[in-house]
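Here the structure is laid out as structure tokens; the discussion comes afterwards.
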Amino acid sequence: MGQSYYVSSSSLNLRVGPSIESKSIQTLSQYDNVTMLEESGEWYKIQFGDKTGYANKNFLKAGKAVTSISSYRIGATCKDGTSSSATGRGACSHHGGVSSWRTKSTKVLLRVEKG
């Protein structure tokens, strides 16, 4: 079985071959966990889910990333259909109240386990 690695950059292209000119088959996100199958120069052949391809090894770190999803409010949709950038008490107070909150989620690294 291969070794565990995770994506250390904000995104990383999974490619058909070990070259920047090779077609990208998927874009991986920061802290996605992959399995390194073999090394080919500056490239690792990796598996991500059901896909196998190549990624530049400078953007991968050894270990398994343990993450959590953190969500926070970025505004509100008011009951009258308007929107507000307020994120707490008083949002939409002149528009019938809050219909729903708009949120944004981000992946947060908790720790790296040896893989």
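Quick note: the sequence shown uses this note's numbering, first residue 17, plus one each step. All C-beta atoms in this analysis are idealised placements derived from N, C-alpha and C, irrespective of residue type, glycine included.
| Taking the alpha carbon of Ser38 as the point to measure from, which residue in Thr103, Asn29, Leu44 has its own alpha carbon closest? | Looking up residue 38 in the sequence shown gives position 22. The shortest Cα separation from Ser38 among Thr103, Asn29, Leu44 belongs to Asn29.
| request: Could you round the C-beta distance between Ser86 and Thr119 to whole angstroms and report it? I think they count as a contact, below 8 Å. | output: Counting from 1 along the sequence shown, the entry for residue 86 is found at position 70. Counting from 1 along the sequence shown, the entry for residue 119 is found at position 103. That belief does not hold up - the Cβ atoms of Ser86 and Thr119 are roughly 10 Å apart, past 8 Å.
| field | beta strand (DSSP E) segments (min. 3 residues) lying fully within the region 76-121 | value | 76-78, 80-94
| field | For Leu125, the residue or residues it bridges with in DSSP | value | The residue given as residue 125 occupies position 109 in the sequence shown. Partner(s): Thr83.
| Nearest-angstrom beta carbon gap, Tyr22 and Lys80 [assumed within contact, 8 Å] | Taking the sequence shown and counting its residues from 1, the one referred to as residue 80 is at position 64. Taking the sequence shown and counting its residues from 1, the one referred to as residue 22 is at position 6. Contact flag correct, Cβ pair sits at about 7 Å.
| Should Gly59 and Lys73 be called a contact, given that it needs their Cβ atoms to be closer than 9 Å? | Locating residue 59 in the sequence shown gives position 43, counting from the first residue. Locating residue 73 in the sequence shown gives position 57, counting from the first residue. Here residue 59 is Trp; the residue named in the question, Gly, does not match the sequence. Yes, Cβ-Cβ distance for Trp59 and Lys73 is below 9 Å.
| message | Using DSSP's beta-bridge definition, name the partner residues of Tyr21. | response | As a working mapping, residue 21 is identified with position 5 in the sequence shown. Bridge partners of Tyr21: Val50, Ala78.
| Alpha carbon to alpha carbon, how far is Met52 from Gln19? | Residue numbering aside, residue 52 sits at position 36 when the sequence shown is read from its first letter. Residue numbering aside, residue 19 sits at position 3 when the sequence shown is read from its first letter. Cα-Cα distance, rounded: 5 Å.
| field | Buried/exposed call for Asp96, threshold 16 Cβ in 10 Å | value | Translated into positions along the sequence shown, residue 96 becomes position 80. When all chains shown are included, Asp96 counts as exposed.
| field | Short Cβ contact (9 Å threshold) for Gly57 with Pro34 | value | Indexing the sequence shown from 1 puts residue 57 at position 41. Indexing the sequence shown from 1 puts residue 34 at position 18. For Gly57 and Pro34, yes; Cβs fall inside 9 Å.
| task | Quick one: using the 10 Å Cβ neighbour count with 16 as the cut-off for buried, is Tyr88 buried or exposed? | result | Reading the sequence shown from its first residue, position 72 is the one you call residue 88. Per the 10 Å Cβ criterion, exposed.
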